[in-house]
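Engineer: Take this structure first; my questions come after.
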Amino acid sequence: MKILKIELENFMCYSGTGNVILFTDGLNLILGGNGYGKTKLYDAFNWVLFDKITDQEGRLTISTNDIQEGLVSKRALADVEDNKEVTALVRLEVVNEKGKHITLQRSYKAMKLSGMEFSGSGKSILTISEKDEFEYKPLGLNGLDDIDGYIREQIIPLDILEYLWFQGERGIKRAVDTSNTQKLQQVINKLSYIDTWERFISATIDTDRRTKDKFDKAVRRSDKNKEKSNKLQRDLNFIQEKLGEIKRELEIHNQEIERTDEQMDDLRMSEGVREDLRNFRDEEYKLKRQLTETEKEYNDILDKANRDLFECFWVIHGTEHVAKKFEDLRETYIYSKHEDRRRAENGLPPIPKGNPSAAHINKMLKDERCNICNRPAEKGSEAYEHINMLLPENYPEVEDNFDPYLHEDALQNLGSSKYRVTHRSDAFKAAAEEIIQRYFVLKNKWKKLEEESRYTEEQKAILLSRYGLESVEGGMKQGEQYMSLSEKKAKLSKEIGKLEAKQEELQEEQNKKNKDLEDLLGDEMDPILSKQMKYFESLLSATKEAKEAQYNKLVDLLSRETNRHYEAINKYSGAFFGKVVFMQNSKGGYFPEIQNENGENVTNGMSTSQLLSMQFSILFAILSANKEYGFNKRYPLIADAPNSAFDAKKKKHLIRQIGTTFEQSIVMMFEYLENDPDRANRYKVDEEGISELLSTMHNEGVDVNVIMLDVPDGINSRDINELTVQIKNL
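Here the sequence shown stands for residues 28 to 757, numbered as in this note's numbering.
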């Protein structure tokens with residue numbers, strides 16, 4: 028079966044009409060960013076065929092009745108008038124193995140009531156048409172059984188779908204559960220012809236049992252060597268009872284192992300997963316700590332800056348001209364005062380030249396005689412007063428009565444305060460430059476950490492969704508439960524090994540006593556019955572050996588094919604990848620492990636991407652090694668984001684293996700896109716990377732068809748009421 032075309036009308040995020048993708052043989056690569064409709068496209072394939080879409084864990088469990096109007100484009104519903112219908116439609120055109128062209132069209136209607144309230148039609152409508160020589164004609168299929176039967180026989184069987192169509196890492200892990208030997212054996216059996224041998228063995232066991240029943244009846248009827256034969260018979264009955272007890276214990280232990288396997292499967296917790304969770308938790312804690320520290324430092328510097336602004340008189344910043352004006356006015360004030368005093372002093376009468384000393388003047392006043400002019404100067408006379416005026420204390424003084432200069436002290440205090448304020452303000456101004464620089468460094472760091480935190484939250488959501496977890500801590504606890512169950516399983520396996528060894532010992536003893544009993548009875552035993560018993564015992568043994576030999580050949584082929592794919596995916600990554608070896612357990616099942624060059628099991632130390640590449644390789648090997656079934660040639664692979672855990676080199680080689688293994692493959696992925704510098708929050712194709720891939724696939728003889736899912740400019744890709752996806756066939 029090949030897929031030729033898919034059309035989507037108002038289906039989920041594909042609003043409007045004209046959403047068409049044409050597929051070719053080879054590799055069909057569908058590129059789209061997160062939230063750009065890759066998963067919805069994957070759901071479209073499933074919905075049109077099976078009336079279901081995938082849940083959060085990638086399982087095909089959500090029916091149309093469960094989601095109803097959720098199938099219809101929210102944008103189309105938002106744009107339509109009240110009481111009008113919108114139809115979601117997916118049309119798939121395929122050509123089956125017989126060359127018959129078939130179209131499947133499934134539709135669902137929803138009515139807009141008012142505002143954003145809707146009413147769904149409840150059921151979808153499927154129309155299947157086949158093309159005759161001229162046109163497509165609808166088939167008259169009656170009921171779900173007819174439809175399911177037609178899809179199973181003419182298009183693709185549902186029971187092999189999970190091995191060909193899967194979503195993300197969880198899908199491949201479910202398809203090839205390497206932690207569960209029974210499930211891996213079921214995969215091998217389902218995709219091989221080994222079940223034919225199982226049916227043959229079952230029929231041989233039944234025939235052998237009936238022959239032994241006849242033999243036992245013949246022994247009971249015989250009278251020869253009765254005492255010895257009775258003892259052998261009692262011994263055989265005792266052995267049979269013990270074998271029955273062991274069988275019951277084995278059944279109980281095996282059932283317990285199955286339950287443990289199911290619990291472990293539900294937990295889906297390998298060492299690689301626990302490593303992912305531990306690394307993520309440590310990285311998240313580190314990021315949160317850095318964010319808290321940066322936020323505190325950022326707030327501290329803001330708080331300090333706010334305090335410093337007030338303590339360092341931020342209010343005067345930018346008022347330096349006022350301070351200068353104050354200084355100029357104060358200097359003018361002081362200068363004016365000194366000038367006024369100088370002028371007043373200049374207005375005093377001059378002191379005579381050669382003025383005698385105070386002692387001489389006091390003597391003249393005492394003698395009441397002027398010794399300069401040698402004349403009498405009686406006390407109280409004018410001459411006496413003139414002499415008295417010559418004393419220094421009687422010199423004329425400048426009157427200290429300058430009314431305009433009463434504020435000198437206040438101005439002096441203001442000047443001192445201004446100096447202190449200006450000095451501290453200038454110091455803050457210098458420090459502020461460093462604060463501003465530090466502020467922006469911290470702000471940018473905080474912003475970057477917040478972006479990393481948002482990205483981490485997105486990655487957490489992806490990680491938790493991938494492993495079906497509610498929280499990282501819950502996952503860690505789940506990992507502890509997984510380890511506990513793993514220890515329990517190991518203990519049960521050990522007990523089973525002991526029981527099987529005891530069972531084998533008793534069976535050998537049983538065979539010996541049966542031989543002794545047969546020899547004891549001699550010619551009384553029907554020779555034909557003896558031959559039948561020996562024959563069917565030999566046939567059963569030969570059948571089991573043949574089945575085991577065939578199974579070993581199959582496992583050997585599987586091992587070679589697995590390592591061919593495994594090496595091709597990992598060889599050029601530069602990292603150690605070892606070799607995949609299939610180990611047999613005590614129940615005849617096989618489980619894979621990765622061994623180093625010394626044959627040591629290193630599986631638990633391998634990264635998630637290595638374990639995932641092993642699972643891919645096993646699946647590719649199972650699908651391609653069986654030439655009789657040829658599933659890889661008969662049906663297309665459809666994978667949504669299968670390689671998110673791989674690095675760039677490994678992704679390219681995985682895609683190469685997909686392209687060379689399957690006749691047709693449809694792979695949806697984010698890789699080979701890069702940010703578009705001309706469009707905000709949009710992507711463009713990485714032309715260099717895609718050219719390299721095209722060249723690689725061309726050398727392998729594989730055609731590549733590249734389709735890009737895009738969101739038009741001006742539309743918020745996170746607003747579901749606006750979202751519409753454009754399909755660009757590149």
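Cβ atoms here follow ideal geometry from the backbone N, Cα and C, with glycine treated the same way.
(1) So, using beta-carbon positions, are Thr130 and Ser156 closer together than 7 Å?
(2) Who are the Cβ neighbours of Lys136 in its own chain at under 6 Å, not counting the five residues just before and after it?
(3) Are Leu650 and Ala202 close, meaning C-beta to C-beta below 7 Å?
(4) Are the CB atoms of Gly59 and Leu720 within a distance shorter than 7 Å?
(5) Hey, quick one: how far does the alpha helix (DSSP H) through Val75 stretch, first residue to last?
(6) Compute the Euclidean distance between the alpha carbons of Ser636 and Lys677, then round it to the nearest angstrom.
(7) Exposed or buried, Gln439, counting other C-beta atoms within 10 Å across all chains shown (16 or more means buried)?
(8) Using the Cα positions of Thr51 and Asp78, report the straight-line distance between them to the nearest angstrom.
(9) Please report the distance separating the alpha-carbon of Leu418 from that of Glu366.
(10) Keeping to the same chain, check which residues put their C-beta closer than 6 Å to that of Val107; ignore five residues upstream and five downstream.
(11) Would you list the one or two residues that DSSP bridges to Leu119?
(12) Can you list, in chain order, the residues of its chain whose CB lies under 6 Å from that of Ala103, leaving out five sequence neighbours each side?
(13) Just to confirm the assignment, what range does the alpha helix (DSSP H) spanning Phe658 have?
(14) Using three-state DSSP, classify Met416 as helix, strand or coil.
(15) What residues are listed by DSSP as bridge partners for Lys139?
(16) Using the C-alpha atoms, what's the distance from Ser363 back to Ile388?
(17) Nearest-angstrom Cα distance between Leu392 and Cys400?
(18) Determine the burial state of Gly741: buried for a count of at least 16 other Cβ atoms within 10 Å of its Cβ, exposed for fewer.
(19) Using only CA atoms, which one of Gly626, Val694, Asp703 lies nearest to Leu54?
(20) Go to Ile48, then tell me how far its alpha helix (DSSP H) extends in each direction, as first and last residue.
(21) For Leu314, which residues of its own chain have a beta-carbon under 7 Å away from its beta-carbon, when the five flanking residues on both sides are left out?
(22) Output the distance between the C-alpha atoms of Ile685 and Asn659, rounded to the nearest integer angstrom.
(23) Please name the residue, chosen from Lys711, Cys40, Thr359, that lies closest to Leu760 on a Cα-to-Cα basis.
(24) Give every residue of the same chain whose Cβ lies closer than 7 Å to the Cβ of Ile183, excluding the five residues on either side of it in the sequence, and list them in chain order.
(25) Decide yes or no for the touch test of the segment 85 to 97 against the segment 116 to 125: beta carbon pairs closer than 8 Å, at least 3 of them.
(26) Look at the Cβ atom of Glu395, then the Cβ atom of Ala385, and state whether they are nearer than 7 Å.
(27) Ignoring anything shorter than 4 residues or poking outside the segment 516 to 549, list the alpha helix (DSSP H) runs there in chain order.
(28) Measure the alpha-carbon distance for Leu171 versus Lys164 and round it to whole angstroms.
(29) Tell me the rounded alpha-carbon separation between Leu664 and Gly657.
(30) Just the Cα atoms here: how many angstroms apart are Glu514 and Ile284?
(31) With DSSP as the reference, label Asp667 as helix, strand or coil.
(32) Closest to Phe193 by CA distance: which of Asp175, Gln181, Ser151, Phe72 is it?
(33) Within its chain, find whatever has a CB closer than 7 Å to the CB of Val729; leave out the 5 residues flanking it on each side and keep chain order.
(34) Reducing DSSP to helix, strand and coil, say where Gln282 ends up.
(35) Should His725 be labelled buried (16 or more other beta-carbon atoms within 10 Å of its own) or exposed?
(36) Classify Arg768 as buried or exposed, calling it buried when 16 or more other Cβ atoms lie within 10 Å of its own Cβ.
Structural biologist: Taking the coordinates as given:
(1) yes
(2) Glu112, Thr114, Ser148
(3) no
(4) no
(5) 65 to 77
(6) 9 Å
(7) exposed
(8) 25 Å
(9) 27 Å
(10) Val113, Lys139
(11) Ile33, Leu131
(12) Asn37, Ser42, Val113
(13) 658 to 661
(14) helix
(15) Phe145
(16) 38 Å
(17) 14 Å
(18) exposed
(19) Val694
(20) No alpha helix (DSSP H) contains Ile48, which is instead part of the beta strand (DSSP E) from 46 to 49.
(21) Leu476, Glu479, Ser480, Thr483
(22) 10 Å
(23) No statement about residue 760 is possible, as the shown extent of the chain runs from 28 to 757 and does not include it.
(24) Met28, Tyr662
(25) no
(26) no
(27) none
(28) 19 Å
(29) 13 Å
(30) 11 Å
(31) strand
(32) Phe72
(33) Gly53, Leu54, Gly686, Thr687
(34) helix
(35) exposed
(36) Residue 768 is absent from the model: the chain starts at 28 and stops at 757.
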